[in-house]
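Have a look at the structure below before the remarks.
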Amino acid sequence: MSRPRVAVIIPTLNEAVCIADTLRRVHALPGPVECIVADGHSTDETRAYASPYATVCTSPRGRGRQMNMGATRATASILLFLHADTTVTPAAWSAMHRALQRPSVQAGTFRLTFDRSTPLLRFYAWCTGLNWWGFAFGDRGLFIRRTHFEAIGGFAPISIFEDLDMARRLCTQGGFQFVDAPVVTSARRFRAVGTLRQQMQNAWLWLRYMTGTPPAKMANAYAYSNDVRRT
Numbered sequence: 015m016s017r018p019r020v021a022v023i024i025p026t027l028n029e030a031v032c033i034a035d036t037l038r039r040v041h042a043l044p045g046p047v048e049c050i051v052a053d054g055h056s057t058d059e060t061r062a063y064a065s066p067y068a069t070v071c072t073s074p075r076g077r078g079r080q081m082n083m084g085a086t087r088a089t090a091s092i093l094l095f096l097h098a099d100t101t102v103t104p105a106a107w108s109a110m111h112r113a114l115q116r117p118s119v120q121a122g123t124f125r126l127t128f129d130r131s132t133p134l135l136r137f138y139a140w141c142t143g144l145n146w147w148g149f150a151f152g153d154r155g156l157f158i159r160r161t162h163f164e165a166i167g168g169f170a171p172i173s174i175f176e177d178l179d180m181a182r183r184l185c186t187q188g189g190f191q192f193v194d195a196p197v198v199t200s201a202r203r204f205r206a207v208g209t210l211r212q213q214m215q216n217a218w219l220w221l222r223y224m225t226g227t228p229p230a231k232m233a234n235a236y237a238y239s240n241d242v243r244r245t
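Set out below in structure tokens:
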């Protein structure tokens with residue numbers, strides 16, 4: 015059975031350090047694929063490094079807004095939203111296609127692993143093995159049928175936790191698949207500020223979101239909202 019065309023949509027903000035490598039790895043995966051980079055007005059060379067490998071568009075900053083913009087440029091029937099520093103393994107790619115052979119599956123996410131191993135990072139990755147929308151973070155990737163993405167209204171235009179908001183809505187509607195195959199994401203944020211410090215910040219923001227704090231009140235504490243060069 016031939017595989018459906020997949021649009022890999024990557025929101026970026028100052029991702030020159032990794033975007034070309036990520037896109038090259040996507041193009042090495044089997045089957046028809048189109049790559050779309052939705053850039054939030056980077057101040058580095060992100061757009062220049064991405065343009066040989068992807069359709070590049072610009073959008074108001076914010077991952078949700080950027081991914082929605084990228085989706086409007088896609089022509090494929092399957093959308094895969096991916097962070098710029100996350101690599102889809104061949105096992106995850108194949109597992110996604112197997113899952114989508116079932117008409118009941120509308121969307122899904124992968125299990126997370128890091129490119130660095132520490133006890134805290136292993137625990138964080140272990141949590142993503144729990145099949146719960148509250149741990150369906152964007153660095154795990156999100157695949158969804160285009161028709162379902164449009165029917166659900168896309169990502170909410172919020173400043174943080176657009177990934178969990180989407181996962182909650184998808185799980186409520188049904189047809190959401192937790193795929194037991196890994197993607198690999200960079201531990202660069204943890205290396206930059208310290209694993210424990212970054213994990214504590216993540217946990218604090220997550221707890222506030224899960225207990226009802228509006229995302230707008232947490233935006234200033236979230237690195238993606240800041241216009242800084244990411245390394």
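Just so we're aligned: the sequence shown equals residues 15 to 245 in our numbering.
Don't be surprised by glycine CBs; every beta carbon is placed ideally from N, CA and C.
Since we're looking at a predicted model, the values are computed, not measured.
Any chain C beta carbon closer than 7 Å to residue i
i	result
N82	Reference to chain C is not applicable here, since this structure consists of a single protein chain.
As assigned by DSSP and simplified to three states, the class of residue i
i	result
C185	helix
R19	coil
A229	Rather than Ala, the amino acid found at residue 229 in this sequence is Pro. Helix, per DSSP.
F192	strand
C141	helix
V70	strand
I166	helix
L94	strand
G84	helix
G152	helix
R75	coil
F175	coil
D35	helix
L221	helix
R116	coil
P133	helix
W146	coil
S108	helix
T89	coil
A42	coil
T209	helix
A62	helix
Rounded straight-line distance, which links the Cα of residue j to that of residue i
i	j	result
F149	I166	20 Å
C71	R77	13 Å
W140	T57	35 Å
L96	G155	5 Å
R243	R205	Bear in mind that the predicted position of R243 carries a pLDDT of just 43, short of 50, making it too unreliable to give a figure here.
C32	Y63	9 Å
G54	P66	18 Å
F169	L37	22 Å
P228	G45	40 Å
P25	S131	26 Å
L134	Q120	32 Å
T161	S91	8 Å
V102	Y138	18 Å
M224	W218	10 Å
D99	T199	6 Å
N216	E59	28 Å
R87	F157	16 Å
L210	P171	30 Å
Environment of residue i [buried if 16+ CB atoms lie within 10 Å]
i	result
R125	buried
D194	exposed
G152	buried
P117	exposed
A52	buried
D241	Note that D241 has pLDDT 47, beneath the 50 cutoff, so the model's placement of it is unreliable and the number below is only indicative. Exposed.
A109	buried
N82	buried
G188	exposed
N28	buried
Beta-ladder partner(s) of residue i, from DSSP
i	result
L126	V197
A121	I158, F190
I246	Limits of the chain in this structure are 15 at one end and 245 at the other, which puts residue 246 out of reach.
T100	T199
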